[in-house]
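Notes for the one structure printed next.
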Amino acid sequence: METVPKGEKAQDTLKVRVWRGDAAGGEFREYAVPARENQTVLDVVTQIQREQEPDLAYRFACRVGMCGSCAMEVNGRARWTCRTHVKRVAAPGEALEIRPLANLPVIRDLATDMAPFFDKWARAGGTFQPKDAPDGAVPAEFSVVPPESKQRREADAGIECIGCGVCYASCDIVAWNPDYLGPAAMNRAWTLVNDVRDGARRERLEAVSGDAGCHSCHSTQSCTERCPKNLDPSSAIAGLKRTLFWDSLWGRLR
Amino acid sequence: MSARAGRHMWVAQRVTAMFLGVAVLVHLVTIMVAVRGGLSATEILGRTQGATGWFAFYAAFALAAGLHGAIGLRNIAMEWLGWRGRGFDMAWLGIGVVTALFGIRAAWGLYAS
Ligand code: HEM
Ligand code: SF4
Ligand code: SF4
Ligand code: FES
Chain A
1 METVPKGEKA QDTLKVRVWR GDAAGGEFRE YAVPARENQT VLDVVTQIQR
51 EQEPDLAYRF ACRVGMCGSC AMEVNGRARW TCRTHVKRVA APGEALEIRP
101 LANLPVIRDL ATDMAPFFDK WARAGGTFQP KDAPDGAVPA EFSVVPPESK
151 QRREADAGIE CIGCGVCYAS CDIVAWNPDY LGPAAMNRAW TLVNDVRDGA
201 RRERLEAVSG DAGCHSCHST QSCTERCPKN LDPSSAIAGL KRTLFWDSLW
251 GRLR
Chain B
255 MSARAGRHMW VAQRVTAMFL GVAVLVHLVT IMVAVRGGLS ATEILGRTQG
305 ATGWFAFYAA FALAAGLHGA IGLRNIAMEW LGWRGRGFDM AWLGIGVVTA
355 LFGIRAAWGL YAS
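Sequence lines, in order, name chains A and B.
In this text, residue positions in the first sequence follow the numbering used here: the first is 1, and each later residue adds one.
In this text, residue positions in the second sequence follow the numbering used here: the first is 255, and each later residue adds one.
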């Protein structure tokens, strides 16, 4: 039995269209869940899975906006569902429409295969390569990085990425060019290019250049607009382009 | 297409864009000066015949415009038509150079006639 909090009418329902299917295809199915004053989109999906459709596939972990696993397309836009309140995306009486994240292969229902997203993260040189400690050894001395330095601030600006894939699903270039690294991977690369302790600057800049990299970005800023952590991958990519421009002109990169 | 080629195309397009920005200004000012008191073939030829500086300027202008336009169209064709790869890139550069040659031939006409 559902318990109805005080002050809410038991009969209020919310209509939800949920995409059901797998890699071969699928369709929307309609559900009705109790409408609550305060509920997130993830609460709604969980209600359907617990009370109505035990085989509904979806993904979540932390429920507090830290792990990045719960992103889906909600009423046409990629969002982190655990931190998205229903009333912010659907007017009273309006239905919810929930699809798996765009630009990624569907495994089943609302669960997408994130492997291409993280593979590109690796291809963009997303791993820290300590300058003075090869093979990941712990350096003998701590690095001192002044918090006010320009590079430190550039790195800080992009460091809080939770790898949710919202930006990736919102980028037209990813949809047009399957090889395009995408905003999150290049945002990560830019934080490392600005990390003074890192020794792989050159390889990383080469990895993010060209038509599969930063040079295909149109600075349309969908990624920046939709990032739930308010990061700015578009500016990070512009930073990569700027750096590569001068490095190419002065012959620091051939 | 290698990442390096893509990067070089991008750099070339930006550098030509910068030059075009200045060149268009010079071109507009020249037009405004030239049309004062009417435009005549003798007046134009008087300015350009044997003027190496003007020839160099118009040749560079044509080269930059040809390359810039071709690279820009290449980018659009990559996205919208999926025309990617070395073959296409060479074809676009060819188109850029041929377009530029038309402009350079016209400039040569004014210089050497
Ligand atoms: C005459 C002065 C010109 C200037 C100052 C100029 C400047 C620029 C700049 C700054 C861009 C980059 C825009 C971006 O960052 O997305 C650009 C792109 C482009 N330009 Fe020009 N341009 C000029 C002339 C031309 C001409 C004559 C053509 C002829 C076809 C042309 C075709 C293009 C195309 C197709 C793009 C798009 C490239 C892309 O989206 O990657 N431009 N131009
Ligand atoms: S700014 Fe670049 S990376 Fe971000 S959505 Fe637009 S094209 Fe994609
Ligand atoms: S940059 Fe923002 S939207 Fe993209 S994966 Fe990181 S947290 Fe998510
Ligand atoms: S469940 Fe962890 S971010 Fe939403």
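Glycine is no exception: its CB is placed at the ideal position from the N, C-alpha and C atoms.
For clarity, every value in this text was computed on a predicted model and none was experimentally measured.
For aspartate 22 of chain A, the three-state secondary structure derived from DSSP is strand. Isoleucine 98 of chain A has its CB no nearer than 7 Å to any heavy atom of ligand 4.
Here proline 34 of chain A is bridged, per DSSP, to A:Thr13.
Judged by their CB atoms, arginine 197 of chain A and glycine 126 of chain A are not nearer to each other than the 8 Å cut-off. The Cβ-Cβ distance between valine 174 of chain A and asparagine 103 of chain A falls below 8 Å. Contact check for proline 233 of chain A against cysteine 167 of chain A passes: the beta carbons are separated by less than 8 Å. In its chain, beyond the 5 residues on either side, Val89, Ala90, Leu96, Glu97 have a beta carbon closer than 7 Å to the beta carbon of asparagine 75 of chain A.
Remark: C-beta atoms of isoleucine 325 of chain B and glutamine 267 of chain B approach each other more closely than 8 Å.
When the five nearest sequence neighbours on each side are left out, the beta carbons in the same chain lying within less than 6 Å of the beta carbon of glycine 320 of chain B are those of Gly350, Thr353, Ala354, in order along the chain.
For tryptophan 250 of chain A, no alpha helix (DSSP H) run applies, since DSSP gives it neither H nor E. The beta carbon of leucine 110 of chain A sits closer than 8 Å to those of Val18, Trp19, Val45, Leu56, Ala57, Tyr58, Arg59, Met72, Ile98, Arg99, Pro100, all from its chain and outside the five residues before and after it, given in chain order. With contacts defined as CB atoms closer than 8 Å, serine 248 of chain A and arginine 261 of chain B qualify as a contacting pair. Relative to ligand 3, valine 166 of chain A has its C-beta within less than 7 Å of a heavy atom. Within 9 Å of the CB of serine 209 of chain A, the CB atoms of chain B belong to Ala257, Arg258, Gly260, Arg261, Trp264, in sequence order along the chain. Counting other Cβ atoms within 10 Å of its Cβ, asparagine 38 of chain A stays below 16 and is therefore classed as exposed. The three-state reading of DSSP puts tryptophan 337 of chain B in coil, since its state is none of H, G, I, E or B. Cysteine 82 of chain A is a Cβ neighbour of arginine 63 of chain A, given a cutoff of 8 Å. Taking 7 Å as the cut-off, one finds no heavy atom of ligand 1 near enough to the beta carbon of asparagine 177 of chain A. With respect to chain A, the C-beta atom of glutamate 333 of chain B has a partner C-beta closer than 8 Å.
About 12 Å separates the beta carbons of cysteine 171 of chain A and cysteine 214 of chain A, which is beyond the 8 Å limit, so they are not a contact pair. In the structure shown, arginine 59 of chain A adopts coil according to DSSP, grouped into three states. Between glutamine 151 of chain A and alanine 200 of chain A, the C-beta spacing is not below 8 Å. Bounds of the alpha helix (DSSP H) holding methionine 272 of chain B are 257-289.
In this structure, the alpha-carbon of aspartate 211 of chain A lies about 13 Å from that of alanine 124 of chain A. Here valine 208 of chain A is not near leucine 231 of chain A, since their CB atoms are 8 Å or more apart.
Counting only unbroken stretches of 3 or more residues, the beta strand (DSSP E) elements lying wholly within the region 53-97 of chain A are 71-74, 77-80, in sequence order. Using a Cβ distance threshold of 8 Å, glutamate 206 of chain A and alanine 360 of chain B do not count as a contacting pair.
Scanning chain A for C-beta atoms nearer than 7 Å to the C-beta of arginine 268 of chain B yields Phe245, reported in chain order. With a threshold of 8 Å between beta carbons, glycine 213 of chain A makes contact with chain B. If you ignore the 5 residues before and after alanine 318 of chain B, its C-beta comes within less than 6 Å of the C-beta of Thr270, Phe273, Leu274, all in its own chain and listed in chain order.
Chain B places no beta carbon closer than 8 Å to that of asparagine 103 of chain A, leaving this residue out of the contacts.
In the structure shown, valine 106 of chain A adopts extended strand secondary structure according to DSSP, grouped into three states.
The residues Lys229, Leu231, in chain order, have a CB closer than 7 Å to that of glutamate 160 of chain A in the same chain once the five nearest residues on each side in sequence are set aside. Beta-bridge annotation (DSSP): threonine 112 of chain A is paired with A:Val106.
For arginine 197 of chain A, no alpha helix (DSSP H) run applies, since DSSP gives it neither H nor E. For glutamine 151 of chain A, the enclosing alpha helix (DSSP H) covers residues 150-158.
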